[in-house]
Amino acid sequence: MATRTLGYLSLVLLAIAACGIFFVAGPIAGEGDAGRIVYFHVPMAWVAFLAFFVVFGASIAYLRTSNPRWDHLGRASAEVGLIFTTLVLITGAIWGYPIWGTWWSWDPKLTTTLILWFMYLAYLMVRSYAEPPRGPRFAAVVGIIAFVDVPIVYMSSYWWRTLHPPPAIGPLAEQQPSATIVWILLLSLVAFTLLYVFLVRVRTEIESTEAALEERGALVSAGA
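If you read the sequence shown in our numbering, its first letter stands for residue 143, the second for the next number, and so on.
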């Protein structure tokens with residue numbers, strides 16, 4: 143029931159956010175309608191960072207306790223985080239073409255984000271192809287190391303010369319946007335965060351069910 147409620151709530155908030163993005167918010171100065179992508183791009187980037195932070199915490203917890211629940215949580219969060227990182231790269235390219243005149247630039251922000259994508263893809267590959275119990279342990283180590291790139295991605299706009307604009311909102315924002323932009327961004331951020339929680343819960347439940355079925359099958363085989 144809780145998982146279903148999260149799903150419906152995230153769907154409703156996404157619909158409200160979409161109405162605000164396309165019917166309330168005006169074109170962003172200097173970017174036109176292409177600037178509306180920021181209402182999707184920024185929340186997706188936040189969710190990607192959140193997902194990888196959960197992987198980081200779950201990986202530490204798994205190495206300390208060897209509890210498979212932490213492994214299931216880390217794997218589910220990595221899968222969802224990888225999807226959102228992919229969407230971040232795609233929406234960034236869609237925004238970049240009319241603004242920069244190119245779909246892709248080896249800008250520090252874009253490059254470090256792509257590195258992050260590959261690192262968490264490596265996490266999932268290690269987790270899938272290495273035999274238990276080594277697979278979960280090796281993947282946990284990769285998840286911890288890969289998280290180092292998250293603050294690098296966030297701070298890259300300040301550390302290097304970059305085409306990518308600085309954060310739109312937050313303590314490091316160079317200028318605070320209008321109230322309309324802020325509330326639509328925050329609404330979209332909450333909606334995508336709830337969607338992330340819903341997807342992780344569903345994937346974790348599937349993972350736990352699969353593990354229980356495998357354990358039951360092993361017991362049946364041993365009894366036979």
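Positions of the beta carbon are idealized from the N, C-alpha and C atoms, including for glycine.
Three-state secondary structure (DSSP) of residue 243: coil
Buried or exposed: which applies to residue 221, given that a residue is buried once 16 or more other Cβ atoms fall within 10 Å of its Cβ? buried
Using C-beta distances below 8 Å, list every residue in its chain close to residue 167, excluding the 5 sequence neighbours before and after it, in chain order. 178, 181, 322, 323, 326
In chain order, what residues of the same chain lie with their CB nearer than 8 Å to the CB of residue 347, ignoring the 5 residues before and after it? 145
If we count the other Cβ atoms within 10 Å of its Cβ and call it buried at 16 or more, is residue 217 buried or exposed? buried
Enumerate in chain order the residues of its own chain whose CB-to-CB distance from residue 149 is below 6 Å, with the five nearest sequence positions on each side excluded. 340
Should residue 230 and residue 289 be called a contact, given that it needs their Cβ atoms to be closer than 8 Å? no
Okay, do the region 328-336 and the region 188-204 touch, 3+ Cβ pairs below 8 Å being the bar? yes
Less than 8 Å between C-beta atoms, sequence neighbours within five positions excluded: which residues of the same chain meet that for residue 429? The structure shown has nothing for residue 429, since the chain only spans 143 to 366.
Please return the same chain residues whose Cβ sits closer than 6 Å to the Cβ of residue 302, not counting the five positions on each side in sequence. 250
Let's test the definition: count the other Cβ atoms within 10 Å of the Cβ of residue 331 and tell me whether it reaches 16, buried, or not, exposed. buried
What beta strand (DSSP E) runs, 3 residues minimum, are completely inside the region 207-256? none
Suppose you measure from the CA of residue 176 to the CA of residue 240; what does that come to, to the nearest Å? 7 Å
Figure out for me which residue from 279, 292, 242, 283 has the closest Cα to the Cα of residue 259. 292
Distance, Cα to Cα, residue 213 vs residue 170? 42 Å
Round the Cβ separation of residue 294 and residue 201 to the nearest angstrom and send it over; I've been treating them as touching at under 8 Å. Incorrect: roughly 18 Å between the Cβ atoms, too far for contact.
Cβ of residue 250 within 7 Å of any heavy atom in the ligand SAH? This structure simply doesn't include the ligand SAH, nor any ligand for that matter.
Nearest neighbour of residue 159, chosen from 206, 328, 304 [CA to CA]: 328
Enclosing alpha helix (DSSP H) for residue 158 [first to last residue]: 144-161
Are there 16 or more other CB atoms within 10 angstroms of the CB of residue 281, so buried, or fewer, so exposed? buried
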